[in-house]
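**Student:** So the protein lines, in turn, are chains A and B.
Everything in the first sequence is counted per our numbering, starting at 1 for the first residue and increasing by one.
Everything in the second sequence is counted per our numbering, starting at 1001 for the first residue and increasing by one.
Beta carbons: idealized from backbone N, C-alpha and C, even for Gly.
Structure incoming, see below.
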Amino acid sequence: MKIAAPKPQLKQLQGSVRAFPAPLLLLLLGVVLLFVILLGISFGSTSIPIGTIVEVLLNGTRLFHFAQPWYPTGVIVWQVRMPGVCGAVLVGAALGVAGVLFQGMLRNPLADPFLIGTSSGAALGASIAFVLPLDTIFGSFFPLTPLFAFVGAMLTVLLVYAIARVGSYTPVVTLLLAGVVINAVLVAFQTLILELSPHAAFGIQALFNWLSGGIAVYSWSPVLIVGVIIVTGLLCSLLLANALDAFGLGEESAANLGLHVERYKFIIIIVGSLLTAAAVSISGLIGFVGLVTPHAMRMLLGPRHRLLLPASALGGAIFLTLADLLARVIVAPAVLPVGIFTALVGAPFFLLLLRNNKREYRW
Amino acid sequence: MKKRNSETLFNLSGARKESESPQSTAPLLEIDGVSFGYDGHPLLYDIHMRVNAGEMVGLLGPNGSGKTTLLRLISGVLHPQQGRMLLQGRDLQAWGRRGIARRIAVVPQELHVPFAFTVEEMVNLGRTPFIGLLGSRSKQDANIVQEAMQSTEITPLARRIFNELSGGERQRVVIAMALAQQPSLLLLDEPTSHLDIKYQIEILELVQQLNHRLGVTVIAAMHDLNLAARYFPRLLLFQRGIIADDSPAEVLDPQLLRRVYGVNVQVGILRGATHLSVLPPGEEEQEIEREKRSRPRVHLMAGGGSGELLMRALADAHIPFTAGALNIGDSDHALATRLAGEVITEQPYAPISTAALEQVRASLTRASLLVLCPMPVGPGNLALLQEAASAAKRGVAVLMFAPAGTASQAATEESQTAEGTLLQRTGIAMRDYTKGEGLKLVQEMLQAGARVVDSVGEAIQIAKQYS
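Written out as structure tokens, the structure reads:
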């Protein structure tokens, strides 16, 4: 019983953290995110002092007129580093919130945004894009891979949902099973395509990098398009906060609280998948952000989704921006896949939570 | 239908408010001929019940008798396949999910919550049906939540984590959550089945208090007969249909309980207690029971409501009788369960099985009189008539009950022999759906000396001679 001894202390600690006013915590997360963004812009092949970045950014608002730094700095900040960092922020926020949506709906703390087919659908779409001898569709500015990944992810989720539907209900168990089966089938298709394709040899290294996850954004246009989708998704998810709280009691209790359970389930799946698919389209498959972020935020703020959703958006953004920073810095000038760092940081952190907090994971 | 501008919490909630409106004549809940089954397996038959505002009703019945299903039908989560359900005089589904949630709250057996909600957050969830998508909780909501926590005496627990509470405390929180919905009707599904005796009593005291003080109507499924007897002035005994609906003194009848639960019990008022208690019987009692059970000398075959008149008359005349085989869900089965000494039971809508037929045969060897009610004869129960015919040939007296009006008028020309007239009087031709096989069996029985009577009085006179 020696192990049990420190537990009461931990509970008290948690109690006091919960007592910490929530708005202050959200504000704190916002400040941390700003700092991390500046850090992300600052580090790279040439480091730029944070003061300079702030000056450049404030000049951008046209309200301030600091002395221009020497020529390439402004370009590096605005055209090279900013799109990448913004991409990381968007993707992190999307995955964090999608994680909250799926965990809340499925009442399963092990759920992550990729559970019901988004990952395999996106991967299959990306593979098709890689083996096609085209780079863009009719020279449009949006590259082929993210588009195919996005479409693949959304189609897969709709397919899984349609398969899992029994009459007018979509039981969680069939949803998860259909997700697992469709995942397996799509992975098989993906392997088949790569095996048979004559172009595969050229694309395979690029595809591998894509699958390992990396914020592959070097211009503003994809960030803007994906940004619109993700911000819309984030706002929609805020409208689902009350419903998600009620889902925590189980579907029948949620129905008894006046919710149209099946309708909400569909909306949650669509919003969650839209966020995930949009994120995946510019980042590839990045694990652990959607799984770990909601847990960490739940420990800080409790399970109320009204707070949990915005907090997870901020938390996910912080997490991924930091991971992206590490990926770019550690063996600079080479860039490692971000997925490596989210797993290396996320997994131990998750295990730590699990050990200290076993009582929370009753299902 | 906004109820949020009430000054005090419960005075204006649901039931009271509705009672001032023109709908006041309608009972709070009216269930009219509701049947339900899962995946084609029928589970509830032809339920009729009315619950008035302010009542406290306990549902009794063995496991799988359909108590929970009935509660889920009332809460609108399941939809009846037949019949209709009215809440405050209006069709249940017409209220909409939110509308129902503002009037009916449900306390499940046990609530599992995978996340660490605090007690206050949980009770707050009870306000869900009253707040919009974006709408946050108003001061009014906060007051209602506080009052709900005070009513259930959980205010000191407000900041504790729900999952870390004891079972009894958790159930209190769930009841507080239900109260925050300001329900007119509170449904509880075996609310005490996972609790120690101390908490069982505590929870039921609380529910009773809410009923008395706040006027919340309560319908609760109960598995503990003693607690049900103590706290519920009206009990409904269930076996896929309503077997009895009355005060505890009427419903907790040892005979009835034996037939529904399949176990011998004795019921009485313990010394120093004020309510009925249900206990396992002493050994002598069991002896008497056994003797009683072997006594009936009259066996009755019925079905489709044809046995109602005679069974009631036999019971009134204190003539013990056995009945069957009857299908569960048949109104005759429900009645026989209450009135007959032994009921041979068959699965719903199923043809009479060989096992049931053997029981019928055994019952007929003990019986000296077989009463045949004017039930329809089809392929499903033709075997019963075959048993009856062979019993008649063995010398068991057979009495065919055929009240006037059931006999066919059209068959007057058939044959003018005495036997033909008798056959005609049984009315079998009108209710034979076996292409003449049933008719043939009735004919055989008449040949063996079966008597046909058309009045209940006459039938009882004859039955008295045999019992």
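Could one say the Cβ of A:P303 lies closer than 7 Å to chain B's Cβ atoms, at least one of them?
**Tutor:** Yes - at least one Cβ of chain B is within 7 Å of the one on A:P303.
**Student:** Contact check, A:T293 vs A:G316 under 8 Å by CB: the rounded distance?
**Tutor:** 4 Å
**Student:** How is B:H1212 classed by DSSP in three states: helix, strand or coil?
**Tutor:** Three-state result, B:H1212: helix.
**Student:** May I have the straight-line CA-CA distance separating A:V187 from A:V228, to the nearest angstrom?
**Tutor:** 30 Å
**Student:** Once DSSP output is grouped into helix, strand and coil, what is the label at B:L1165?
**Tutor:** coil
**Student:** Quick one: which unbroken beta strand (DSSP E) runs of 3-plus residues sit fully inside the region 1425–1463 of chain B? Chain order, please.
**Tutor:** Here the runs fully enclosed are 1451–1453.
**Student:** Between B:D1432 and B:A1334, what straight-line distance do the alpha-carbon atoms span, to the nearest angstrom?
**Tutor:** 24 Å
**Student:** Could you pull the start and end residues of the beta strand (DSSP E) that B:Q1036 belongs to?
**Tutor:** This sequence places Phe at residue 1036 of chain B; Gln is not what is there. Counting along the chain, the beta strand (DSSP E) containing B:F1036 begins and ends at L1029 to Y1038.
**Student:** Which residue or residues does DSSP assign as beta-bridge partners of B:P1042?
**Tutor:** B:G1037
**Student:** So, for B:R1050: in the same chain, excluding its five sequence neighbours on each side, which residues have a beta-carbon less than 8 Å away from its beta-carbon?
**Tutor:** P1027, L1029, E1030 and I1031
**Student:** What residues are listed by DSSP as bridge partners for B:M1049?
**Tutor:** B:I1031
**Student:** Which same chain residues end up closer than 6 Å to B:G1058 when comparing Cβ atoms and leaving out the 5 residues on each side of it in sequence?
**Tutor:** Cβ within range, chain order: A1220, M1222, A1228, F1232 and L1235.
**Student:** Within its chain, find whatever has a CB closer than 7 Å to the CB of A:I193; leave out the 5 residues flanking it on each side and keep chain order.
**Tutor:** Contacts found: S127, I128 and V131.
**Student:** How close, in whole Å, do the beta carbons of B:A1340 and B:A1323 come, if the pair is a contact with beta carbons under 8 Å?
**Tutor:** A Cβ-Cβ separation of about 4 Å places B:A1340 in contact with B:A1323 under the 8 Å criterion.
**Student:** Where do the ends of the alpha helix (DSSP H) carrying B:A1101 lie?
**Tutor:** G1096 to A1101
**Student:** For the candidate residues B:Y1038, B:I1460, B:I1201 and B:L1044, whose alpha-carbon lies nearest to that of B:D1224?
**Tutor:** Closest by C-alpha distance to B:D1224, out of B:Y1038, B:I1460, B:I1201 and B:L1044, is B:I1201.
**Student:** Determine, using beta-carbon pairs with one atom in the region 1144–1153 of chain B and one in the region 1033–1046 of chain B, whether at least three such pairs fall under 8 Å.
**Tutor:** No contact exists between the region 1144–1153 of chain B and the region 1033–1046 of chain B.
**Student:** Taking the continuous alpha helix (DSSP H) assigned at B:H1275, which residues delimit it?
**Tutor:** From DSSP, B:H1275 is part of no alpha helix (DSSP H); its letter is neither H nor E.
**Student:** For B:G1083 and B:G1064, what's the separation of their Cα atoms in angstroms?
**Tutor:** Taking the straight line joining both Cα atoms gives about 21 Å.
**Student:** Can you give me the C-alpha to C-alpha distance between A:L249 and A:Q103, rounded to a whole angstrom?
**Tutor:** 13 Å
**Student:** Rounding to the nearest angstrom, what Cα-Cα distance links B:L1131 and A:L244 in this structure?
**Tutor:** This sequence places Ile at residue 1131 of chain B; Leu is not what is there. Using only the alpha carbons, I get a separation of about 14 Å.
**Student:** Based on DSSP bridge pairs, tell me the residues matched to A:F66.
**Tutor:** Answer is none; A:F66 lacks a bridge partner.
**Student:** Give, in chain order, every residue of the region 1314–1327 of chain B whose Cβ lies closer than 9 Å to some Cβ of chain A.
**Tutor:** For the region 1314–1327 of chain B, which is checked against every Cβ of chain A, not one residue is closer than 9 Å.
**Student:** What's the call for B:D1246, buried or exposed, on a 16-neighbour Cβ count within 10 Å?
**Tutor:** exposed
**Student:** Which bits of chain B does A:R298 rub up against, with CB to CB less than 9 Å?
**Tutor:** Around A:R298, the beta-carbon contacts reaching into chain B at under 9 Å are F1115 and A1116.
**Student:** For A:V231 and A:T276, what's the separation of their Cα atoms in angstroms?
**Tutor:** 12 Å
**Student:** Give the DSSP bridge partners of B:I1242, in chain order.
**Tutor:** B:F1238
**Student:** Starting from A:D245, find everything on chain B with Cβ-Cβ shorter than 7 Å and list it in chain order.
**Tutor:** L1125
**Student:** Just reading off the beta strand (DSSP E) that B:Q1372 is part of, what are its end residues?
**Tutor:** The question names Gln, but residue 1372 of chain B in the sequence shown is Leu. Where B:L1372 is concerned, the enclosing beta strand (DSSP E) stretches over L1369 to L1372.
**Student:** Got a sec, what are the start and stop residues for the alpha helix (DSSP H) B:R1338 sits in?
**Tutor:** B:R1338 -> alpha helix (DSSP H) spans S1331 to L1339.
**Student:** Kindly indicate if chain B contains any beta-carbon less than 7 Å away from that of A:L155.
**Tutor:** no
**Student:** Among B:P1351, B:Y1349, B:G1438 and B:P1320, which has the Cα closest to the Cα of B:V1343?
**Tutor:** Just measuring C-alpha positions, the residue of B:P1351, B:Y1349, B:G1438 and B:P1320 sitting nearest B:V1343 is B:P1320.
**Student:** To the nearest angstrom, report how far apart A:V89 and A:Q205 are at their CA atoms.
**Tutor:** 26 Å
**Student:** Going by beta carbon distance, what residues of the same chain come within less than 7 Å of B:N1211, once the five residues before and after it are set aside?
**Tutor:** Only M1056 and V1218 meet the Cβ criterion.
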